[in-house]
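This report concerns only the one structure given below.
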Amino acid sequence: MTATSLTLQPRPIDPSVDHEIQAIVSGVTAGSTCSTELAAGPWQFDARPGYGPGASMGDIIPTGSPQQGSLPQEYRDAPDEELHDRIRAAKATLGERVVVLGHFYQREEVVRHADYVGDSFQLANAALEHPDAEAIVFCGVHFMAETADLLSRPEQAVILPNLAAGCSMADMADIDQVEECWEQLADVLGDLDTPDAEGLLPVIPVTYMNSSAAIKGFVGRHQGIVCTSSNARTVLEWAFARGRRVLFFPDQHLGRNTAKAMGVPLDQMPMWNPTKALGGSDEQTLLDSRVILWHGFCSVHRRFTVDQIDKARAEHPGVRVIVHPECPMAVVDAADEAGSTDYIRKAILAATEPTTFAVGTEINLVQRLAAEFPQHEIFCLDPVVCPCSTMYRIHPGYLAWVLERLVAGEVVNRIQVHSSVADPARVALERMLAAKPTGIVA
Ligand code: SF4
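Under the working numbering, the first residue of the sequence shown carries the number 82, and numbering increases by one thereafter.
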């Protein structure tokens with residue numbers, strides 16, 4: 082045997098987080114996961130209240146959150162390859178009648194069947210390219226399916242394969258609490274619908290895309306607007322051109338990180354805790370405020386720490402640290418860059434030299450990027466494998482089930498937003514689409 086024939090080729094990277102979790106739980110590899118229950122089929126948790134194992138497992142789920150009924154036994158028992166064959170066959174039968182959307186954070190075993198992969202807003206827009214599709218199967222979480230329903234034609238059915246796939250962050254802004262907050266703010270700031278002498282309203286409500294349709298409808302009714310993690314700055318500029326201050330929900334971190342980068346002082350960004358009178362602030366603090374931050378967060382991005390960044394820099398000299406703006410402020414400040422999932426992907430795509438990237442976002446996306454770009458070393462800042470609990474509730478078994486029901490002529494798990502909410506929510510989304518950078522700084 083010659084020396085040349087001994088040269089090892091780099092092993093392909095497995096993009097499957099599920100494979101890694103199974104290997105950890107069975108003891109084949111030495112890594113760690115936040116819950117060994119992640120190795121089980123999600124149907125084990127469908128009858129159980131809560132978000133299920135993963136990053137949101139410690140969060141309190143609101144009473145009355147949608148639950149998934151029992152997944153038929155044949156889908157629970159089917160081996161993975163059989164499920165993949167059945168999904169492919171159902172898609173082939175349905176042809177143009179169905180479009181399958183897969184979020185960046187979705188497990189690899191589901192994403193491989195998606196016609197489009199992207200962030201929530203990219204996917205809602207992708208659905209628009211298929212006005213003739215009878216069904217849009219959204220492999221993401223509940224608020225994403227709602228947004229697709231808002232933007233699609235009324236006769237198109239938007240399907241969420243597992244109804245238990247909510248979002249703990251979106252659930253942190255409950256419409257009743259938001260209405261109550263609005264009333265309390267009116268007591269302090271005066272009539273919220275009347276502009277002052279300079280034409281500015283006392284407060285403009287801004288909601289992150291990661292919120293329920295009810296919240297999007299609320300901001301639509303109150304001169305407000307929706308933002309994504311890609312356009313949050315443009316949207317805040319839009320809001321500051323129309324109001325004295327902003328009420329931002331549900332994600333305090335995206336709001337704080339964006340406003341801070343625009344020059345808003347931290348002491349003008351009080352937090353609104355809905356369980357406390359005046360959100361835990363006093364009248365003067367609210368009068369002096371520029372951005373009132375709702376007390377919400379993403380349990381996936383809250384796991385990232387400055388210590389993890391320090392460790393990555395110590396162990397990988399020259400590492401490029403990119404994190405999502407849903408991470409806490411100290412983490413964003415310690416990183417080299419912060420940006421949306423689309424930003425992270427494009428940053429890696431644009432790197433022309435082999436580079437080491439430490440990424441602070443959901444593990445399924447990081448692992449897929451590592452497999453897609455083997456010329457770079459790409460790893461997740463958090464060494465513990467802990468996916469988004471609710472994204473992980475969608476398993477190929479549920480996708481096979483909803484597609485085969487469609488073949489049989491039955492729509493299951495349809496997500497429909499009532500017109501009383503949908504109409505103002507669309508207004509808020511349209512304002513976002515029309516918003517242009519103004520250059521206004523806080
Ligand atoms: S990653 Fe965070 S914001 Fe996104 S769906 Fe999961 S819990 Fe919600």
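Virtual Cβ for every residue (Gly too), placed ideally from N, Cα, C.
In three-state DSSP terms, what is residue i?
i, result
"V400", "coil"
"S113", "strand"
"R157", "helix"
"L231", "helix"
"D95", "coil"
"R495", "strand"
"D274", "coil"
"E189", "helix"
"T339", "helix"
"L328", "strand"
"E236", "coil"
"L182", "strand"
"V300", "helix"
Is it right to say residue i is buried, meaning 16 or more other beta carbons lie within 10 angstroms of its own, or is it exposed?
i, result
"G377", "buried"
"N211", "Sequence check: residue 211 is His here, not Asn. Result: buried."
"V327", "buried"
"Q154", "exposed"
"G420", "buried"
"P355", "buried"
"H382", "buried"
"Q333", "buried"
Quick one: Cα of residue i to Cα of residue j, how far?
i, j, result
"M410", "K172", "43 Å"
"K297", "G271", "23 Å"
"T437", "V106", "28 Å"
"G490", "L175", "10 Å"
"I403", "D414", "11 Å"
"T110", "Q203", "36 Å"
"D99", "V191", "11 Å"
"Y186", "I444", "7 Å"
"A246", "F321", "34 Å"
"A432", "F460", "15 Å"
For residue i, is the beta carbon positioned less than 7 Å from some heavy atom of ligand 1?
i, result
"N291", "yes"
"C220", "no"
"R253", "First, the amino acid is wrong: residue 253 is Met here, not Arg. No, since every heavy atom of ligand 1 falls outside the 7 Å radius drawn around the Cβ of M253."
"M343", "no"
"T471", "yes"
"M138", "no"
"C248", "yes"
"Y197", "no"
"E443", "yes"
"C467", "no"
Sorted by chain position, which residues of the same chain lie with C-beta nearer than 7 Å to residue i's C-beta, five sequence neighbours on each side aside?
i, result
"L281", "R323, G324 and R325"
"P435", "Q456 and H457"
Hey, is residue i's beta-carbon within less than 8 Å of any beta-carbon in chain C?
i, result
"R486", "Given the protein chain composition of this structure (a single chain), no chain C is represented."
Apart from the five residues on each side of it in sequence, which residues of its chain come closer than 6 Å, Cβ to Cβ, to residue i?
i, result
"A503", "L231"
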